[in-house]
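Residue numbers (the working numbering): -16 to 537.
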């Protein structure tokens, strides 16, 4: 791996962390982060978010030590917002701004001057930060509750930049951001000053990084370059590792075969010597001398062959450890019976309409608050579905977009099939107390348990894992169970509907989702702001929903 040469600003020395219930999140992790921008990647459950919290001081290591050159500003994956507080507090300048305004109103209390310090231009800088987040200056004194989720995230990030910390930590900052908000975030990152560590599955954001760090099997490694370069290096390295493993395995077989051949030769020689001794063809003293010499020679040869075979096995062990055992989803699904001309669903806005037919891949995009989630829920609720939402078909997801304006919108959808699978945003409807198998069985009542186990194995859910309670699974494992429940339904759905399916998924799980959709021979309707994901699943139609309820083909 290319060397990481930048000055370390964060150093981890054999850091471990165990949760209160005994679950080990990190074990003996060492490494460092340098100045500049670093993208931190790794599988769900590898401990990335936990590591950020440890670096930020939000958690304390169970063992080991973390050193920083400065305090770290931290943006968690989910902001806990007090909706009645001013936006200035979200920017992190509320106290300074209130002290400045008190001084301007004639209050000469020394505490106000201490609070302001040298930040006499804080209001102008706050207005600039709001503009960077796409907000008007008058939002400074309004409440956080008047912001959308995406606006709140951008404002919090702009506040971190405004305060100018030497170290900043961002955990999945693009989750739930629409395209405009993502573009603003990318602009912020391009001009970021100081050390920045970002946990993300957004490949566009990861391409803006100077370095890529990976947390894998409790090892932290840092590559000098953005995600695409690191991915290319890793793929090449793993290709070389697999070649080395095959060569080492062949070497073990060769050394084993030569040892067996040598043993056969030695046994034949020993038998011939014994025969000559028994037939007294040579004097006894000479025969005994030959026998002793042969035993010494045989022992030496056996030792050499055993050493060579042991060395070959050690080399194989080293080569095997280089090869990752990361599986990929391999799915062979029943054909849902969707001919090319089969009408599956219709989306329209009163003036225009579009028919989803055959095995089409259709994307629904638009700004946050336009009502994309509500449109999906209305569509799904217009017919019987195999929904993974615990609320059931037609009920409103408590976490989805519910703008009042959309209720008066002309955008509507209609199903032309009752075989629909729906995976809503952040709600999977799984029973945490029940096993994986128990969660999946109701979706496929006509499929035997043995066959269901075989099908679950293609989703990387194998052996005893199918009996584990869902509540004990990692985020990626849980997502695969929800996906399996949809895609293994009997009869198979003719339409799959996904709402922001890549949120909170690591890059490997996104790859698995892409593979699953590629293997699916029905229609797909997906809401996503992730352009790279939409391109990978082969979207053929993109519809954009505006805040006024208008649908436009892109």
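Cβ atoms here follow ideal geometry from the backbone N, Cα and C, with glycine treated the same way.
Here the structure is a predicted model, which is why all the values come from computation and not from measurement.
- Under a 10 Å Cβ-count criterion, residue 238 is classified as buried, with 16 or more other Cβ atoms of the shown protein chains found around its own Cβ.
- Assigned with DSSP and collapsed to three states, residue 535 falls in strand.
- Here residue 471 is not near residue 502, since their CB atoms are 9 Å or more apart.
- Ranked by how close their Cα comes to the Cα of residue 224, the residues 245, 166 and 299 have 299 in first place.
- Within the DSSP secondary-structure output, residue 337 pairs in a beta bridge with 330.
- By the CB criterion at 9 Å, residue 24 and residue 489 fall inside the cutoff.
- The straight-line gap separating the alpha-carbon atoms of residue 151 and residue 190 is approximately 18 Å.
- When only Cα atoms are considered, residue 48 and residue 297 end up about 33 Å apart.
- If you compare the alpha carbons of 157, 58, 51 and 302 with that of residue 14, the shortest gap goes to 51.
- Burial state of residue 346 is buried, judged by a 10 Å Cβ sphere holding 16 or more other Cβ atoms.
- Each of 208, 73 and 412 was checked against the Cα of residue 113, and the nearest Cα belongs to 73.
- By the beta-carbon neighbour count (other beta carbons within 10 angstroms, threshold 16), residue 495 is buried.
- The beta-carbon distance between residue 342 and residue 504, rounded to whole angstroms, is 6 Å. This is short enough to meet the 8 Å contact definition.
- Within the DSSP secondary-structure output, residue 1 pairs in a beta bridge with 7.
- Across the structure, residue 460 and residue 202 are spaced so that their CA atoms are roughly 21 Å apart.
- If you look at residue 133, you'll find it in the alpha helix (DSSP H) that goes 132 to 146.
- Taking the Cα positions, residue 449 is about 25 Å away from residue 403.
- In the three-state reduction of the DSSP assignment, residue 424 falls in the helix class.
- Secondary structure of residue 107 (DSSP, three-state): helix.
- Going by beta carbons, residue 479 and residue 506 fall inside the 9 Å limit.
- Less than 9 Å separates the beta-carbon of residue 116 from that of residue 140.
- Residue 42 carries a coil assignment under DSSP once its states are collapsed to helix, strand and coil.
- Residues 12, 13, 14 and 49 of the same chain have their beta carbon placed closer than 6 Å to that of residue -5, with the five preceding and five following residues left out of the count.
- Residue 508: member of the beta strand (DSSP E) spanning 506 to 510, first to last residue.
- Residue pairing for residue 197: DSSP places it in a beta bridge opposite 24 and 204.
- The C-alpha of residue 105 is placed about 48 Å away from the C-alpha of residue 463.
- When DSSP reads this structure, residue 362 sits in no beta bridge, so it has no partner.
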